[in-house]
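Chemist: A single structure is presented below for examination.
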């Protein structure tokens, strides 16, 4: 497995399983929250344009809720089969 530099992907402290993809374009910074599933599958959630040092709490809460919803729905589907 290749290692992605922290410059592009980092774990969110205090938010188990949640990561942020970091990108810059023309002087603007963007972040997309994601998680990993089944090893190499990356599931993307919400994103935003970064304007402050800290990630906005509402964006983090949204990403965490989406991640929870994703795994709950996946578990239900697995239980149906």
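Numbering (this note's numbering), first residue to last: 106 to 186. Cβ atoms here follow ideal geometry from the backbone N, Cα and C, with glycine treated the same way. Note that this is a predicted model, so its numbers are computed, not measured.
Please name the residue in 148, 111, 154 whose C-alpha comes closest to that of residue 132.
Modeler: Looking up residue 132 in the chain shown gives position 27. It is 154 whose Cα lies nearest to the Cα of residue 132.
Chemist: If the criterion is Cβ atoms closer than 8 Å, does the pair residue 151 and residue 168 meet it?
Modeler: Locating residue 151 in the chain shown gives position 46, where the first residue counts as 1. Locating residue 168 in the chain shown gives position 63, where the first residue counts as 1. Yes.
Chemist: For my contact list, residue 149 and residue 117 are in at a C-beta cut-off of 8 Å; report their separation, rounded to the angstrom.
Modeler: Looking up residue 149 in the chain shown gives position 44. Looking up residue 117 in the chain shown gives position 12. The Cβ separation is near 14 Å, so there is no contact.
Chemist: Taking residue 136 and residue 127 to be in contact with their CB atoms under 8 Å, please state how far apart those CB atoms are, rounded to whole angstroms.
Modeler: Taking the chain shown and counting its residues from 1, one reaches residue 136 at position 31. Taking the chain shown and counting its residues from 1, one reaches residue 127 at position 22. Between residue 127 and residue 136 the Cβ distance is about 6 Å, and since that is below 8 Å, they are a contact.
Chemist: Check for me: the beta strand (DSSP E) holding residue 141 runs from which residue to which?
Modeler: The sequence position of residue 141 within the chain shown is 36, counting from 1. Note, residue 141: beta strand (DSSP E), 133-142.
Chemist: Please return the same chain residues whose Cβ sits closer than 7 Å to the Cβ of residue 141, not counting the five positions on each side in sequence.
Modeler: If you number the chain shown from 1, residue 141 lands on position 36. Cβ neighbours of residue 141 beyond the five flanking positions: 147.
Chemist: Could you compute how far the alpha carbon of residue 163 sits from the alpha carbon of residue 183?
Modeler: As a first step, residue 163 is located in the chain shown; it is residue number 58 there, counting from the start. As a first step, residue 183 is located in the chain shown; it is residue number 78 there, counting from the start. C-alpha separation (whole angstroms): 30 Å.
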